[in-house]
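Participant: Below is a structure I'd like to ask you about.
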Amino acid sequence: GKPLDVYKSECRHGTAYTKITSEYSGIKSETTYYVPLGQIFEYWRLKVTNTSDRPRKLTAFSYAEFANQWMTEQDQVNLQYSIFIARGTYKDGIIGLSSEDNLLRQRKDIATNDIKMNEWMALAGSPVAGYDTDRTSFIGTYGSYEKPQAVINGKSGNSLAYGDSACGSLSTNIDLAPGESKEIILLVGIGDMEIRGRKVLAEYGNTKRADEELDKLIKNWHSKLDSFIAETPDADINHTVNMWGLYNCLITFAWSRAASLIYNGERDGLGYRDSVQDILGVSAAIPEEAEARMYRMLSGQVACGGAIPVIKTEHNPGHEKAPSEEEYRSDDCLWFFNAVPAYIAENGNFDLYNKVVPYADHGEATVYGHLKQALLFNLNHMGADDIPCGLLADWNDCLKLGYHGESLFVAFQLRLGLTTYSDISLRLGKKDESEWALKTREKLDAAIQKKCWDGKWWIWAIGEDGTVYGTKTYEEGQVYFNTQVWSVLSSAATPEQARECMQTVKEKLATPYGLMLCAPPFTNTSIDVMRAVVFNQGIKENAGIFNHTQGWGIIAETMLGNGNRAYEYCKAALPAAWNDKAEIRQSEPYVQGQTTYSAFSPRPGNTRVSWLSGAATWSYYSLTQYILGIRPQYEGLMIDPCVPDSWDGFKVQRRFRGKIIHIEVKNPAHVCKGIVELTLNGEKLSGNVIPAEKLKGENTVVAVMGKDGVTDKTPQRV
797 GKPLDVYKSE CRHGTAYTKI TSEYSGIKSE TTYYVPLGQI FEYWRLKVTN TSDRPRKLTA
857 FSYAEFANQW MTEQDQVNLQ YSIFIARGTY KDGIIGLSSE DNLLRQRKDI ATNDIKMNEW
917 MALAGSPVAG YDTDRTSFIG TYGSYEKPQA VINGKSGNSL AYGDSACGSL STNIDLAPGE
977 SKEIILLVGI GDMEIRGRKV LAEYGNTKRA DEELDKLIKN WHSKLDSFIA ETPDADINHT
1037 VNMWGLYNCL ITFAWSRAAS LIYNGERDGL GYRDSVQDIL GVSAAIPEEA EARMYRMLSG
1097 QVACGGAIPV IKTEHNPGHE KAPSEEEYRS DDCLWFFNAV PAYIAENGNF DLYNKVVPYA
1157 DHGEATVYGH LKQALLFNLN HMGADDIPCG LLADWNDCLK LGYHGESLFV AFQLRLGLTT
1217 YSDISLRLGK KDESEWALKT REKLDAAIQK KCWDGKWWIW AIGEDGTVYG TKTYEEGQVY
1277 FNTQVWSVLS SAATPEQARE CMQTVKEKLA TPYGLMLCAP PFTNTSIDVM RAVVFNQGIK
1337 ENAGIFNHTQ GWGIIAETML GNGNRAYEYC KAALPAAWND KAEIRQSEPY VQGQTTYSAF
1397 SPRPGNTRVS WLSGAATWSY YSLTQYILGI RPQYEGLMID PCVPDSWDGF KVQRRFRGKI
1457 IHIEVKNPAH VCKGIVELTL NGEKLSGNVI PAEKLKGENT VVAVMGKDGV TDKTPQRV
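Residue numbers (our numbering): 797 to 1514.
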């Protein structure tokens, strides 16, 4: 590489675009990458400037390695096939690559759609000097990207792939006077080079159109990012709330866990539990898309109340095969009791509970009916101690208790579901259903208290053979994070139990990098019970910091009024807070990662599996709705912050049901929680909820925090 005192480079990521700027030897380059809205091609825009005092003659090369076979796994391993199906072509400034070209000519279903098995690359703004579609020709035999043979030679090889490893490269010569700049545009897309590539080049291959498309792209994303704008004393929180936290949620919502630098696209669909939770992070930003996703996920529930594990792109409600009994996971449909009420509180249309949605396999029910079936599914799968069975897995896929082993985490989820269902039932005028839910909850509470409290913390499971996991005498995975925090989220814990178990979390699981999933790590526990034993200690489910769960800990502490501790936990797992310690985190400082190594590993703080993670949703959700406390309710917007007592206050601009609300929260008494005064447009209100019917197009709210103020003491949902 080049010494950094003479080679300067900067990479900037924006809303769906990336810009890389480099300077070396009197030449400055700026390259901007983005995909125009609704299109299936990329812009690569290169601006080159001669910053020296002499004329310069340059050659610029583009490069992309194409997949010979679009099934990428086979493209890498089945070389006896994939290496022989690619064919490269070049004509009038455009490179084309086709795979299985002869098949395309015979198969009408493929031939009529030029997108399949075709890629192209085109150049605008400068004449093409040469091209390569054979990777070996461009890189060289045993060559590398560091020193491609074509660049060493100073010219392209004009190679055409024919049963080779394919690539796309165009070169152009650029002459620059001192101080002169030139811009060239590369367009790279899928589809036939003649049918689609040439049309795109003619329409989009100019700087005016490229500028328009970039502006349109940025405005589109920014229109989604203005639903919640915060001004707090903490720059890292502002950075997360106002831009990258929500952007991370939106990207995760769009892609689920299908395609990223980690996920290679093989899971072609929406993972059930993940995609239901993803709705929480985007309901305010993209309400129409969130509602559509909610119905799609409900249509993945089968008539018995369980769910299909993945909703495929070709999902056909009413005609899908139900999973076998052994394939059901116990937590899947219980996430609806978080996502559905949260969306309807955001939307304000309570009648959505009466909307009819089909089941995946057969039959249909209202949204309300789907919720009842979710409860019945778990109530029909109870273990010997009247705790719900873990089935194939609860949220923790590593947990294998035997099909009839019992999961306390799911018991707490079920309890929250019963509470939420009771509240919805009352609002719908279904008193009998509400009472049924409360009586069922009483029975569940009795079972939980009888078997699951170990004095200072909650156990995590009871095996099929009766073994109790998570007691003070159990050496591995003794304290399990999920059951501690969900005892608080579900209001199952008594006030004393809530304080005790969350203090145990602080003492046993809290680290400077986040909250560990359990401790101590697993070494000798049977893999038949806890498959986390396959992971190195301090990573993922084996006493690692699973970032998906961090928001749960934050919410639990805010529910107990512990603003300082909630803030501490928030900052420990906040990517922006690690911007100046990148050598520790080793991951992008603007998006969440799935797992962070804990102190049980030799490299605590290292973070892996960035972008697509439930950590994005729960981090943003806990920060905006529980620390800042701006939380939608069916009746209106609740102001229920739980902040560090050192804060003087903060401001939020919130878009809510088509209205704009400017909120100023003042904290003159320096408390963590409690609203003592609330005004809307100068009118004093009682309580801490702004009634939706009192809102105008644009509104001003002032909330004053103080001792013994109003808080949400009995939440009906989380």
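For glycine and all other residues, C-beta sits at the position ideal for the given N, C-alpha and C. Computed from a prediction, not measured in an experiment: that's the story for all the values here.
How would you label I1255, buried or exposed, when you count the other beta carbons within 10 angstroms and need 16 or more for buried?
Facilitator: Here residue 1255 is taken as the residue at index 459 of the sequence shown, counted from 1. Buried, because 16 or more other Cβ atoms sit within 10 Å of the Cβ of I1255.
Participant: Just tell me which of Q1512, S1442, K1492 has its CA closest to the CA of G1502.
Facilitator: Your numbering for residue 1502 matches position 706 in the sequence shown. The shortest Cα separation from G1502 among Q1512, S1442, K1492 belongs to S1442.
Participant: Based on Cα-Cα distance, which residue from I1323, G985, R808, E976 lies nearest to Q835?
Facilitator: Position 39 of the sequence shown, counting from 1, holds the residue named residue 835. For the residues I1323, G985, R808, E976, the minimum Cα distance to Q835 belongs to G985.
Participant: Please specify which runs of the beta strand (DSSP E), each continuous and at least 3 residues long, are wholly inside the segment 1424-1484, giving them in chain order.
Facilitator: With a minimum length of 3 residues, the continuous beta strand (DSSP E) runs that stay inside the segment 1424-1484 are 1426-1428, 1432-1435, 1445-1452, 1455-1462, 1471-1476, 1479-1481.
Participant: Under the rule that 16 or more other beta-carbon atoms within 10 Å means buried, what is P1317, buried or exposed?
Facilitator: Along the sequence shown, one-based indexing puts residue 1317 at 521. Under this definition P1317 is a buried residue.
Participant: Does the count of Cβ pairs from the segment 982-1001 and the segment 1046-1066 closer than 8 angstroms reach three?
Facilitator: Cβ pair count under 8 angstroms is below three, so no.
Participant: Ordered along the chain, which non-local residues of its own chain (more than five positions away) have a Cβ less than 6 angstroms from that of L1433?
Facilitator: As a working note, residue 1433 is residue 637 in the sequence shown. Once the five neighbours on either side are set aside, the close Cβ partners of L1433 are F1452, I1486.
Participant: Got a sec? Which residues, its chain only, sit under 7 angstroms from Y1416 by beta carbon, not counting five neighbours each side?
Facilitator: As a first step, residue 1416 must be located in the sequence shown, where it is residue number 620. Excluding sequence neighbours, Y1416 sits near G1041, L1042, C1045, G1077.
Participant: Would Q1512 pass as a contact of S1230 if the rule is Cβ separation under 9 angstroms?
Facilitator: The count along the sequence shown starts at 1 and reaches residue 1512 at position 716. The count along the sequence shown starts at 1 and reaches residue 1230 at position 434. Result no, Cβ atoms of Q1512 and S1230 do not sit closer than 9 angstroms.
Participant: Return the first residue and the last residue of the alpha helix (DSSP H) that W916 is part of.
Facilitator: For this step, residue 916 is matched to residue 120 along the sequence shown. Taken as a continuous stretch (DSSP letters only), W916 belongs to no alpha helix (DSSP H), being part of the beta strand (DSSP E) at 914-920.
Participant: Figure out for me which residue from L1021, G950, D1181 has the closest Cα to the Cα of T811.
Facilitator: Within the sequence shown, the letter at position 15 stands for residue 811. Checking every option, the nearest Cα to that of T811 belongs to L1021.
Participant: From T1496 to E1353, what does the alpha carbon distance come to, in whole angstroms?
Facilitator: As a first step, residue 1496 must be located in the sequence shown, where it is residue number 700. As a first step, residue 1353 must be located in the sequence shown, where it is residue number 557. Answer to the nearest angstrom: the Cα atoms are 29 angstroms apart.
Participant: Select from N1484, L1175, H1115, A1099 the residue whose C-alpha is nearest the C-alpha of R1427.
Facilitator: Translated into positions along the sequence shown, residue 1427 becomes position 631. That would be N1484, whose Cα lies nearest to the Cα of R1427.
Participant: Given this structure, state the Cα-to-Cα distance separating E1473 from V1439, to the nearest angstrom.
Facilitator: In the sequence shown, residue 1473 corresponds to position 677, counting from 1. In the sequence shown, residue 1439 corresponds to position 643, counting from 1. Going from the Cα of E1473 to the Cα of V1439 covers about 17 angstroms.
Participant: Which residues in the same chain have their Cβ closer than 6 angstroms to the Cβ of E819, if we skip the five residues on either side of it in sequence?
Facilitator: Stepping through the sequence shown from its first residue, residue 819 is reached at position 23. Counting only Cβ-Cβ distances below 6 angstroms, and skipping sequence neighbours, we find K804.
Participant: Nearest CA to the CA of L1187: which residue from A1257, I1380, N1150?
Facilitator: Position 391 of the sequence shown, counted from the start, is the residue given in the question as residue 1187. Cα-wise, what sits closest to L1187 is A1257.
Participant: DSSP three-state label for H809, please.
Facilitator: What you label residue 809 is simply residue 13 of the sequence shown in a count that begins at 1. Strand, per DSSP.
Participant: Would you check if the segment 1156-1163 and the segment 1100-1117 touch, i.e. whether three or more CB-CB distances between them fall below 8 angstroms?
Facilitator: Taking 8 angstroms as the limit for Cβ pairs, the verdict is that the segment 1156-1163 does touch the segment 1100-1117.
Participant: Jot down the residue ranges of each uninterrupted beta strand (DSSP E) in the segment 1129-1201, minimum 3 residues, whole runs only, in chain order.
Facilitator: Correct list: 1152-1154, 1160-1162.
Participant: Go through its chain and collect everything with a Cβ distance to I981's Cβ below 8 angstroms, but skip five positions before and after it.
Facilitator: Locating residue 981 in the sequence shown gives position 185, counting from the first residue. These residues qualify, in order along the chain: Y839, W840, R841, L842, L919, A920, G921, G1001, N1002, T1003, A1006.
Participant: What residue range does the beta strand (DSSP E) around W1499 cover?
Facilitator: Residue 1499 sits at position 703 when you count from the first residue of the sequence shown. At residue 1499 the sequence reads Ala, which differs from the Trp that was named. It spans 1494-1501 - the beta strand (DSSP E) in which A1499 sits, taken as one unbroken run.
Participant: When you compare each of P1105, P923, L1356, D1241 to E1292 by their alpha carbons, which one comes out closest?
Facilitator: As a first step, residue 1292 is located in the sequence shown; it is residue number 496 there, counting from the start. E1292 has its Cα closest to that of L1356, out of P1105, P923, L1356, D1241.
Participant: For N1343 versus T1403, is the C-beta distance shorter than 9 angstroms?
Facilitator: As a first step, residue 1343 must be located in the sequence shown, where it is residue number 547. As a first step, residue 1403 must be located in the sequence shown, where it is residue number 607. Taking 9 angstroms as the Cβ cut-off, N1343 and T1403 qualify as a contacting pair.
Participant: Going by other Cβ atoms of all chains shown within 10 Å of its Cβ, with 16 needed for buried, is A1233 buried or exposed?
Facilitator: Taking the first residue of the sequence shown as position 1, residue 1233 is located at position 437. The residue is buried, with at least 16 neighbouring Cβ atoms inside 10 Å.
Participant: In chain order, what residues of the same chain lie with their CB nearer than 6 angstroms to the CB of M816, ignoring the 5 residues before and after it?
Facilitator: Indexing the sequence shown from 1 puts residue 816 at position 20. The question names Met, but residue 816 in the sequence shown is Ile. Hits under 6 angstroms: C807, T827.
Participant: Grab the span of the alpha helix (DSSP H) containing L1204 for me, first residue to last.
Facilitator: Numbered from its first residue, the sequence shown carries residue 1204 at position 408. Run containing L1204: 1204-1223, per the alpha helix (DSSP H) assignment.
Participant: Using a Cβ-Cβ cutoff of less than 6 angstroms, which residues in the same chain neighbour I1350 once the five nearest sequence positions on both sides are dropped?
Facilitator: The count along the sequence shown starts at 1 and reaches residue 1350 at position 554. So the list reads A1362, Y1365, C1366, S1418, once near-sequence residues are dropped.
Participant: Note down the Cα distance separating W866 from Q872, rounded to an integer number of angstroms.
Facilitator: Numbered from 1 along the sequence shown, position 70 holds the residue referred to as residue 866. Numbered from 1 along the sequence shown, position 76 holds the residue referred to as residue 872. Roughly 10 angstroms separates the two Cα atoms.
Participant: Whose CA, out of N1176, G1225, D1504, lies closest to the CA of L1210?
Facilitator: Along the sequence shown, one-based indexing puts residue 1210 at 414. When each option's Cα is compared against that of L1210, the closest is N1176.
Participant: Thinking L1224 and Y1149 are a contact (beta carbons under 8 angstroms), I'd like their distance in whole angstroms, please.
Facilitator: In the sequence shown, residue 1224 corresponds to position 428, counting from 1. In the sequence shown, residue 1149 corresponds to position 353, counting from 1. Right, the Cβ-Cβ distance comes to about 6 angstroms (below 8 angstroms), so this counts as a contact.
Participant: So, helix, strand or coil for S965, using DSSP?
Facilitator: For this step, residue 965 is matched to residue 169 along the sequence shown. Of the three classes helix, strand and coil, the one that applies to S965 here is strand, per DSSP.
Participant: In chain order, which continuous runs of the beta strand (DSSP E) of length 3 or greater are located wholly inside the segment 1102-1133?
Facilitator: The qualifying runs are 1106-1108.
Participant: Quick one, which of E1260, I935, F1208 has its alpha-carbon nearest Q1245's?
Facilitator: Locating residue 1245 in the sequence shown gives position 449, where the first residue counts as 1. Per the Cα distances, F1208.
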